[in-house]
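When the letters of the sequence shown are read in order and numbered with this note's numbering, they come out as residues -19 to 221. Glycine included, each C-beta is placed from N, C-alpha and C at the ideal position. This report refers to the structure that appears directly beneath it.
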Amino acid sequence: MNRPGWEPATIAFSGVTDCYQPIERTLKLTRGCLEVAAEARQPIGLITKNAMLVRDLDLLEQLNRHAAVSVSLSLTTLDAGLARKLEPRTSSPEARLRTIATLSEAGIPVRVMLAPIIPGLTDSEVPAILKAAADAGARSASWQMLRLPLAVETVFVDWVSRTLPDAAERVLGRIRSVRDGQLSDTQFGRRMRGTGPLAEQIRSTFEVFAARHGLDQRLPPLSGDAFRPPTPTSGQLRLFF
């Protein structure tokens, strides 16, 4: 960020691996990055499943003074028992809703992500999740159909067969129904949404209830207008670990 010509476009934390995994409590790498971003007023978009995010509320508030932060929080189910099976080592649904409320009370824009929606398992919860998120203070919502690319397909089939044996056949059948008879579809433009009657029903349900609860809008764009290069110390940038 100290390089000449740096453009303060939004940096996402993080699209593939959650930046608030349990080890973050010890290493504080995400917090260190946020400290640098807050000093520079660098726009940051956070994506997470974990309530640990509120630990860094002080830094998020600093960024938010310059319209330089937003949070997208994934909420896949309101069933605490199912959440423990689906997403071990992540925060409970109740804790995620409290996180949305805390961020909202601080004025930080929050989007709830129903990602992924699992046909035959969590698709029936779409209306309830959207209502709960809106009640907690979310401003926007998005969704994504379950994707099982490459080796993930084998892992998921094994998981659902062992963990939810009574539901496995139904779930796999519903997934195939939105993937043209397959468990995975890599085609751009439909891999995130699926195809067929069930996929259309899920899309329609989401849109109706998102609109009902005022979540059918985008978060406000982040601003880099206040950006300033971070201050070097002793000829090099300050390290945070």
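- Bounds of the beta strand (DSSP E) holding proline 96 are 90 to 97.
- For isoleucine -9, the enclosing beta strand (DSSP E) covers residues -9 to -7.
- Of the residues assessed, phenylalanine 136 falls on the buried side of the cut-off, its CB having 16 or more other CB atoms within 10 angstroms.
- Between alanine 95 and glycine 117, the beta carbon gap of about 19 Å keeps them out of contact (Cβ cut-off 8 Å).
- In the three-state reduction of the DSSP assignment, glutamine 42 falls in the helix class, which pools H, G and I.
- Annotation for glutamine 42: Ala18 place their beta carbon closer than 6 Å to its own, counting only its chain and skipping 5 residues before and after.
- Glutamine 124 carries a strand assignment under DSSP once its states are collapsed to helix, strand and coil.
- With 16 or more other Cβ atoms from the protein chains shown falling within 10 Å of its own Cβ, phenylalanine 207 counts as buried.
- For the pair methionine 125 and alanine 179, the CB atoms are nearer than the 8 Å cut-off.
- Collapsing the DSSP output to three states places serine 203 in coil.
- Annotated three-state conformation of leucine 26 is strand, per DSSP.
- Assignment of leucine 33 by DSSP, reduced to helix, strand and coil, places it in the helix class.
- With respect to proline 23, leucine 199 sits apart: the two C-beta atoms are not nearer than 8 Å.
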